[in-house]
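Novice: Those protein sequences? They're chains Y and C, same order as listed.
Our numbering numbers the first residue of the first sequence as 11 and each following residue consecutively.
Our numbering numbers the first residue of the second sequence as 11 and each following residue consecutively.
Each residue gets a CB set at the ideal place from its N, CA and C atoms; glycine is no exception.
Protein chains: 2
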Amino acid sequence: MVTVNENYLKLRGSYLFSEIGKRVSAFAAANPDKKIIRLGIGDVTQPLAPAIIQALHVAVDEMGAAESFRGYAPDLGYEFLRKTISEQDYKARGCQIEPDEIFVSDGAKSDSGNIQEIFGVQNRIAVCDPVYPVYVDTNVMAGRTGVFEEQRGLWSNVIYMPCTAENNFAPELPKETPELIYLCFPNNPTGAVVTKDVLQEWVDYANKVGAVIIYDAAYEAYITEDNIPHSIYECEGARTCAIELHSFSKNAGFTGLRLGYTVIPKELKRQDVMLHSLWARRHGTKYDGAPYIVQRAGEVVYSEEGQRQVKEQVAYYMKNAEYIRTHLQAAGFSVSGGVNAPYIWMKTPDSLSSWQFFDKLLQDANVVGTPGVGFGPSGEGYFRLTAFGRFEDTVEAVDRMTKL
Amino acid sequence: MVTVNENYLKLRGSYLFSEIGKRVSAFAAANPDKKIIRLGIGDVTQPLAPAIIQALHVAVDEMGAAESFRGYAPDLGYEFLRKTISEQDYKARGCQIEPDEIFVSDGAKSDSGNIQEIFGVQNRIAVCDPVYPVYVDTNVMAGRTGVFEEQRGLWSNVIYMPCTAENNFAPELPKETPELIYLCFPNNPTGAVVTKDVLQEWVDYANKVGAVIIYDAAYEAYITEDNIPHSIYECEGARTCAIELHSFSKNAGFTGLRLGYTVIPKELKRQDVMLHSLWARRHGTKYDGAPYIVQRAGEVVYSEEGQRQVKEQVAYYMKNAEYIRTHLQAAGFSVSGGVNAPYIWMKTPDSLSSWQFFDKLLQDANVVGTPGVGFGPSGEGYFRLTAFGRFEDTVEAVDRMTKL
């Protein structure tokens, strides 16, 4: 008789954003006259930039003609895209990442979920608390996390690195030694960043203890301040300890188009095995490439025109971030993030729990945010707002909130 | 210190098609003047049909306008596509598959590789021999296959179902009882099919022993004969034992566009758990949906115009299949398949091994095929040719082969 993967049965409730979706749908169904403003899930609202639309049309036409039709993509992704990434995201920043160290994929969510699979199940992970739920959930599915301790709201075999107001939402080096360390800067959900010097400490630590850092750089396009690294490979020694994940979702609005990439330097080995070749094997066996037309869309993001247009979109969202941050602050809320990130992390008022505040905000202001506790127990009493809405909606949502 | 997933280290050589790619690249580099004709990897060559191109353009324009832009797709895929699939691929054939039992994905390769993950590692799989390598390799990665026995060329903990000329390349019910059974009809690589009565025996068997059938229907569009089932759900009782995988790659040329779907009926439970909810959890946690524009392209495949156009393409490839089959037969080769499938399965001449024939064909005829042994030991002495080339190339390749 078939047995199921029992690790799946250990998973807690449903995926955070599915639960939010359900509550919002129920409210909307019961209150069809209310205008709900969504600052919850981190989905963009600006349409794709004109240069991207144009590149898509050109590529679509190529797919319609015999001489330019493209079938299966190369295993790592098209070279035109990997070369561009190598030059503009890395070499231009002084990082020696070669095109054949880049794996093009359908997005950072898939990659951040699948990357754990190339490691043994006995490895212990360290994660920030609060944290993007995919890192933990996919390790639960793999059987790496032990048992869930209801009381503490934590997994017994996960090393948590609390990110709280006390440490400015930047994790400290863990006391116990992990094998895999998930880091994300600019951070989701807190919007926190670390300086290059601080990130260098993490790289040095990982190299010292033999850990591997899985570095999620999905939000690097939102960095506005100097001395905040855009890539972990800006740190010396990162090539022997770090895997980096990138998304086109937030810098160029690809949430509905799907494109990302993962970097694994060839020096990164464990047990004499190149992690690059393990990931190459997974990529080649369980995945079949991002669509040609989407890879062409990704390429044009790096063109002069594309860069100008996507930077305008990022600036648009950062104007939202500033509006949320400054107006909530002025109204007496305690907020952080939103300076180098599209997320604002706020303390819930009146000691409300995260979900209490979620329900209250939905009910009374018809605004959707994300309960901080959904990202981990240290997120309890916090709430995440995203800057990805339309400006007018964002202003209206903030105004409704400040009038609560 | 981090350990790697040691199951990965057990994998044999590289993925079959990567190895073929390497040998062909080396030959091409050394012989730049030779015109190589590729009838190896099952990639299509006809451009996307006009209706699909038009739907893509329309959807791209939607992505460029604020009011019609789409971000993250719904977890299971857009309802417009799932409803169409439910109606046309299932209800029109008398199969009660509902839209919410359909999971839209980026293709059957990913799904056939990932689906094993919702089952426990202790389950034993049964596969045809020869077989599409992804089924076995992904179970090796999961640690389900035991050790590789060099002598036999087989994994110790896999139940093999030999498909040979003796049984007309249709597997017999296994003597040992498996928990997971991979079936693919029309078959890759042999091109064999089974009748509805025979498939019903498999469904009855699975229900009797509590096994789950993973049914790969990627090639159903190539069925030309009556009484060959297009879906396993045409068999009574399949809803309690079968998962079905579908691809848009072969029926509509989406190899470079990426779209597929997986069906898990809600009655399909093991240990009182709906497999549907396990897959929903995986889908929601480790995947983020096929691009909106590609889902729209998939929808139009089912329109009247789309159906007419993609059926013309299938007919084009089947004309190739007939040409290969009849001309090789006339030249004295022993061939099968190619009647309800785009694959021709031929016996290598002069008792050559599969790879010997591969190298000879590449060297002397500059034709690329796929060594049968790459699909399993019972494929030794066989060779797969695909009908997905251009007609003129196919004719030339066959002519070169018959003159060898």
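1) Which residues in the same chain as C/GLU211 place their Cβ atom closer than 8 Å to its Cβ, once the five residues preceding and following it in sequence are excluded?
2) Which of helix, strand or coil does DSSP assign to Y/ILE354?
3) Quick one: residues in its chain with C-beta nearer than 7 Å to the C-beta of C/VAL324, no 5 flanking neighbours on either side, listed in chain order?
4) Determine, using beta-carbon pairs with one atom in the segment 390–405 of chain Y and one in the segment 342–355 of chain Y, whether at least three such pairs fall under 8 Å.
5) So which residues on chain C does Y/HIS286 lean against when the C-beta distance must stay under 7 Å?
6) Could you name the residues of the segment 99–132 of chain C whose beta carbon sits closer than 7 Å to any beta carbon of chain Y, in the order they occur along the chain?
7) So Y/ALA65 is in the alpha helix (DSSP H); what residue range does that whole segment cover?
8) Measure from the alpha carbon of Y/GLY391 to the alpha carbon of each residue in Y/ALA290, Y/LYS279, Y/THR174, Y/ILE303, then state which is nearest.
9) Strictly under 7 Å for the Cβ-Cβ distance: is Y/ALA252 near chain C by that measure?
10) Who are Y/PRO387's beta bridge partners in DSSP?
11) Rounded to a whole number of angstroms, what is the C-alpha to C-alpha distance between Y/LYS321 and Y/THR234?
12) Against chain Y, with Cβ distances strictly below 7 Å, would C/GLN319 count as a contact?
13) Nearest-angstrom Cα distance between Y/VAL144 and C/GLU402?
14) Under 7 Å Cβ to Cβ from C/GLU277, same chain only, skipping five residues before and after it: list those, please.
15) What first and last residue would you give for the alpha helix (DSSP H) that runs through C/VAL157?
16) For Y/GLY50 and Y/THR404, what's the separation of their Cα atoms in angstroms?
17) Where in the segment 295–349 of chain Y do unbroken runs of the beta strand (DSSP E), each at least 3 residues long, occur, reported from the N-terminal end onward?
18) Please compile the residues from chain Y whose C-beta is within a distance smaller than 8 Å of the C-beta of C/GLU189.
19) Against chain Y, with Cβ distances strictly below 7 Å, would C/LEU267 count as a contact?
20) Which of the three DSSP states is assigned to C/ARG400 in this structure?
21) Show which residues of chain C have a CB atom less than 9 Å away from the CB atom of Y/PHE79.
22) In the DSSP assignment, what are the bridge partners of C/HIS256?
23) From C/ASP71 to Y/GLN319, what distance separates their C-alpha atoms?
24) Flag Y/MET328 as yes if its beta-carbon sits less than 7 Å from any beta-carbon of chain C, otherwise no.
25) Mind pulling the alpha helix (DSSP H) runs of 4 or more residues that sit fully within the segment 202–257 of chain Y?
26) Please list the terminal residues of the continuous alpha helix (DSSP H) segment that includes Y/ILE169.
27) Hey, quick one: how far does the alpha helix (DSSP H) through C/LEU19 stretch, first residue to last?
28) What does Y/ASP147 touch in chain C if you count any residue whose Cβ is under 8 Å from its own?
29) What in chain C is Cβ-close to Y/ALA221, meaning under 9 Å?
30) Please classify C/PRO60 as buried or exposed, where buried requires at least 16 other C-beta atoms within 10 Å of its C-beta.
31) Cβ closer than 9 Å: which chain C residues qualify as neighbours of Y/LEU21?
32) Could you compute how far the alpha carbon of Y/TYR297 sits from the alpha carbon of Y/VAL114?
33) Should Y/ALA38 be flagged as near chain C, meaning a C-beta pair shorter than 7 Å?
34) Nearest to Y/ALA91 by alpha carbon, out of Y/ALA341, Y/THR13, Y/ILE63, Y/TYR271?
35) Expressed to the nearest angstrom, what Euclidean distance is found between the alpha-carbon atoms of Y/TYR100 and Y/LEU338?
36) By how many angstroms is the C-alpha of Y/VAL304 removed from the C-alpha of C/ASP116?
Specialist: To lay it out plainly:
1) LEU183
2) strand
3) ALA231, TYR232, ASN261
4) yes
5) The premise fails here: Y/HIS286 is roughly 12 Å from chain C at the closest Cβ pair, so nothing lies under 7 Å.
6) ASP116, GLY117, LYS119, SER120, GLY123, ASN124, GLU127, ILE128, PHE129, GLY130, GLN132
7) 60–73
8) Y/THR174
9) no
10) Its beta-bridge partners do not exist; DSSP assigns none.
11) 12 Å
12) no
13) 49 Å
14) ARG249, THR250
15) Taken as a continuous stretch (DSSP letters only), C/VAL157 belongs to no alpha helix (DSSP H), as it is neither H nor E.
16) 12 Å
17) 345–347
18) MET11, VAL12, THR13
19) yes
20) coil
21) VAL54, THR55, GLN56, PRO57, LEU58, GLY263, GLY266
22) C/TYR271
23) 17 Å
24) no
25) 206–219
26) Where Y/ILE169 is concerned, there is no enclosing alpha helix (DSSP H), although the beta strand (DSSP E) it sits in stretches over 168–172.
27) 16–20
28) THR295
29) MET11, VAL12
30) exposed
31) ARG291, THR295
32) 11 Å
33) no
34) In the sequence as presented, Ala is not what sits at residue 91 of chain Y; that position holds Leu. It is Y/TYR271 whose Cα lies nearest to the Cα of Y/LEU91.
35) 37 Å
36) 13 Å
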